[in-house]
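Novice: Mapped onto the working numbering, the consecutive letters of the sequence shown carry residue numbers 1339 to 1479.
The beta carbon of each residue, even a glycine, is placed where N, CA and C say it ideally should be.
Note that the structure is a prediction, hence the values are computed from the model and not measured.
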Amino acid sequence: MPVQFTVITAQSRESPDEDTGISMQNCSILATEDLYSKRGSVKSYLGRPWRNYSRAVFLESYIDEFIAAEGWTNWDGDQGLDTLYYGEYENYGPGSATDGRVSWPGFHVMGYEEASGFTVSSFITGQEWLDSTSFPYDDQV
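Given below as structure tokens:
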């Protein structure tokens, strides 16, 4: 397919006041062997808006080289580009450079304070319920 691409996240909200979104922290963003072998013909992105108010962040994660330099892509023309919030904080690896990322107003190379709002405690109040699941998590940036 000539315009085939893959995305890690696709998110939307009904309004900017919703406290939902996707926060990926301390993750390894890696391609399958099949996708990696097609990296010249199939572009891969961290995410794209799925309607308006999309919100997704990647914090302190390893991003492999299969992610396109622009990092993020649109879905249907300009839909959602003026209302999204995408952020990256202290990621590392060959696909983590932010100097070639999209220039959308809602894309942020985040600082410590901004990234802190997307930790387990701040974003999903995980300290109140995750301990009972024995699921490991990092609560700091």
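1) Can you tell me whether DSSP reads L1384 as helix, strand or coil?
2) Inspect the CB distances between the region 1410-1420 and the region 1450-1458 and report whether three or more fall short of 8 Å.
3) Which of the three DSSP states is assigned to A1453 in this structure?
4) Is it buried or exposed, V1430, if we count other Cβ atoms within 10 angstroms and call 16 or more buried?
5) Go ahead and pull the three-state DSSP assignment for S1350.
6) Tell me which same chain residues have a C-beta within less than 7 Å of the C-beta of P1432, skipping the five on either side of it?
7) Can you confirm whether the region 1435-1442 touches the region 1458-1475 when touching is taken to mean that 3 or more C-beta pairs between the two stretches lie within less than 8 Å?
8) Does the region 1354-1363 touch the region 1380-1394, meaning 3 or more C-beta pairs lie closer than 8 Å?
9) In chain order, which continuous runs of the beta strand (DSSP E) of length 3 or greater are located wholly inside the region 1412-1441?
10) Please go through the same chain and pick out, in chain order, the residues whose beta-carbon is closer than 8 Å to the beta-carbon of Q1465, but skip the five residues on each side of it.
11) Using only the alpha-carbon positions, how far apart do T1463 and T1344 sit?
Specialist: This is what the structure gives:
1) Correct three-state label for L1384: strand.
2) They do not touch, by the three-pair rule.
3) In this structure, A1453 counts as helix in the three-state DSSP scheme.
4) The residue asked about is misnamed: residue 1430 is Tyr in this sequence, not Val. By the Cβ neighbour-count rule, Y1430 is exposed, with fewer than 16 other Cβ atoms within 10 Å of its own.
5) Coil, per DSSP.
6) Here the set comprises D1402 and E1403.
7) The answer is no - the region 1435-1442 does not touch the region 1458-1475, with fewer than three Cβ pairs under 8 Å.
8) As far as the Cβ criterion goes, the region 1380-1394 touches the region 1354-1363, which means the pair count is three or higher.
9) Entirely contained in the region 1412-1441, the beta strand (DSSP E) runs reaching 3 residues are, in chain order, 1423-1427.
10) Within the same chain, Q1465 has close Cβ partners V1458, S1459 and D1477.
11) Here the alpha carbons of T1344 and T1463 stand approximately 30 Å from one another.
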